[in-house]
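In my numbering, the protein residues as written are 80 to 336.
No residue lacks a Cβ here, since even glycine has one placed at the ideal position from N, Cα and C.
Source: prediction; values computed, not measured.
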Amino acid sequence: MEYSKIIDLVKQTKTIIFDENLRKEVELKGEADFVTEIDFRVSNFLKNELYKLYPTVGFMCEEETNNTQFDKKRWILDPIDGTTNLVYDFKISTVSLAYAENDKIIFGIVYNPYLDEIFTAYYKKGAYINGKQIKVVERELAYSLIEFGIGSNRKDEADFAFDVAKEIFKNCLDIRRLGSAALAICNVACGRVNGYFEKKLNPWDYAAASLILTESGGEISDWKGNSLQFENYSTVVGGTETVQEFLLDIIQKNIEK
Ligand code: IPD
Ligand code: CA
Numbered sequence: 080m081e082y083s084k085i086i087d088l089v090k091q092t093k094t095i096i097f098d099e100n101l102r103k104e105v106e107l108k109g110e111a112d113f114v115t116e117i118d119f120r121v122s123n124f125l126k127n128e129l130y131k132l133y134p135t136v137g138f139m140c141e142e143e144t145n146n147t148q149f150d151k152k153r154w155i156l157d158p159i160d161g162t163t164n165l166v167y168d169f170k171i172s173t174v175s176l177a178y179a180e181n182d183k184i185i186f187g188i189v190y191n192p193y194l195d196e197i198f199t200a201y202y203k204k205g206a207y208i209n210g211k212q213i214k215v216v217e218r219e220l221a222y223s224l225i226e227f228g229i230g231s232n233r234k235d236e237a238d239f240a241f242d243v244a245k246e247i248f249k250n251c252l253d254i255r256r257l258g259s260a261a262l263a264i265c266n267v268a269c270g271r272v273n274g275y276f277e278k279k280l281n282p283w284d285y286a287a288a289s290l291i292l293t294e295s296g297g298e299i300s301d302w303k304g305n306s307l308q309f310e311n312y313s314t315v316v317g318g319t320e321t322v323q324e325f326l327l328d329i330i331q332k333n334i335e336k
């Protein structure tokens, strides 16, 4: 696989993402769930270019209606992770692209155009920011930063998520909540935060970032501790060894309450 060509294609999305006119074209997909013309343009651009390079590889994407999530070889794309941030010009949004074979992620890219940072990971060959290898940073729980996510339209799950977050906050250094799950998981991979959890994420939110995290020495699983799958949505929890153990435990205790 021509990794550098694919990385280059993902970087080219920056011009689309920074196009002020496209950003104004916003629709509501559902309650508090935005999609912009930028999401569609990034998706179409990458779909067409990747097809030219690899015509037999399937395509699974947040804004795609004909998803081929059961293809053995497929791309898993979130054209914009952090769409609400994009609409509000919060400057924290990413492009997330993974290549999967038989439900194993072989290659993952998460691109943050605002900082020009590109996270990459290659199965069994490490994780990198702009080509420089990264590793998780093991910290005691009391000095760990932990991020969590909850979709803006999931008000019915707010009590559980914020109750767990409150308990975590009392045990760790602090909580973060920035609005791009893909970036949050990458931030665990490079030690900027030390753990992340969210009740419902789609494969395009976590596919690329999950490889970036495991290749940097971190752990990631569903809330029962099982390996992640990439065909359907899932609960997700990831972190350093210490934080992952703590998060799995605290989530389980709160489910049983
Ligand atoms: C969302 C972001 C957010 C997470 C939501 C996702 P989107 O993706 O990753 O951080 O909490 O669950 O849906 O809609 O911005 O692509
Ligand atoms: Ca997303």
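Cβ shell of residue i (< 6 angstroms), same chain only, five flanking positions each side left out
{"i": "A206", "result": "A200, I213, A268, I291, E294, S295"}
Assumed close pair residue i, residue j - CB separation to whole angstroms, cut-off 8 angstroms
{"i": "I225", "j": "N273", "result": "6 angstroms"}
{"i": "C140", "j": "W283", "result": "6 angstroms"}
{"i": "F97", "j": "D182", "result": "In fact, because the Cβ distance is near 34 angstroms, the residues do not count as touching under 8 angstroms."}
{"i": "K90", "j": "Y202", "result": "Going by Cβ atoms, the distance from K90 to Y202 rounds to 22 angstroms, so no, they are not a contact pair."}
{"i": "E128", "j": "L88", "result": "5 angstroms"}
{"i": "V121", "j": "F113", "result": "The Cβ separation is near 14 angstroms, so there is no contact."}
{"i": "G297", "j": "V215", "result": "4 angstroms"}
Sequence-distant residues of the same chain with beta carbon closer than 8 angstroms to residue i, five excluded per side
{"i": "T135", "result": "K152"}
{"i": "E41", "result": "Lying outside 80 to 336, the shown extent of the chain, residue 41 is not represented and no answer is given."}
{"i": "K170", "result": "N164, Y193"}
{"i": "A260", "result": "D160, G228, Y275, E277, L280, D284, Y285, A288, V315"}
N- and C-terminal bounds of the alpha helix (DSSP H) containing residue i
{"i": "R102", "result": "99-102"}
{"i": "K131", "result": "116-132"}
{"i": "I96", "result": "93-96"}
Test item: CB-CB of residue i and residue j under 8 angstroms
{"i": "V315", "j": "Y285", "result": "yes"}
{"i": "F325", "j": "L220", "result": "yes"}
{"i": "T94", "j": "T162", "result": "no"}
{"i": "I85", "j": "I188", "result": "yes"}
{"i": "G137", "j": "T144", "result": "no"}
{"i": "I299", "j": "G317", "result": "yes"}
{"i": "T321", "j": "E217", "result": "yes"}
{"i": "L132", "j": "E81", "result": "yes"}
Range covered by the beta strand (DSSP E) that runs through residue i
{"i": "P192", "result": "It is not in any beta strand (DSSP E) - P192 carries neither H nor E in the DSSP assignment."}
{"i": "I197", "result": "196-201"}
{"i": "D242", "result": "Per DSSP, D242 belongs to no beta strand (DSSP E); it is in the alpha helix (DSSP H), 237-250."}
Other residues of its chain near residue i: CB distance less than 7 angstroms, five sequence neighbours each side excluded
{"i": "P304", "result": "Residue identity differs from the one stated: residue 304 is Gly in this sequence, not Pro. Within the same chain, G304 has close Cβ partners L327."}
Taking 8 angstroms as the cut-off, does the segment 166-176 touch the segment 144-158 (at least 3 CB pairs, one atom from each stretch)?
yes
Flag this pair as touching only if the segment 226-233 and the segment 275-283 have three or more C-beta atom pairs under 8 angstroms; answer yes or no.
yes
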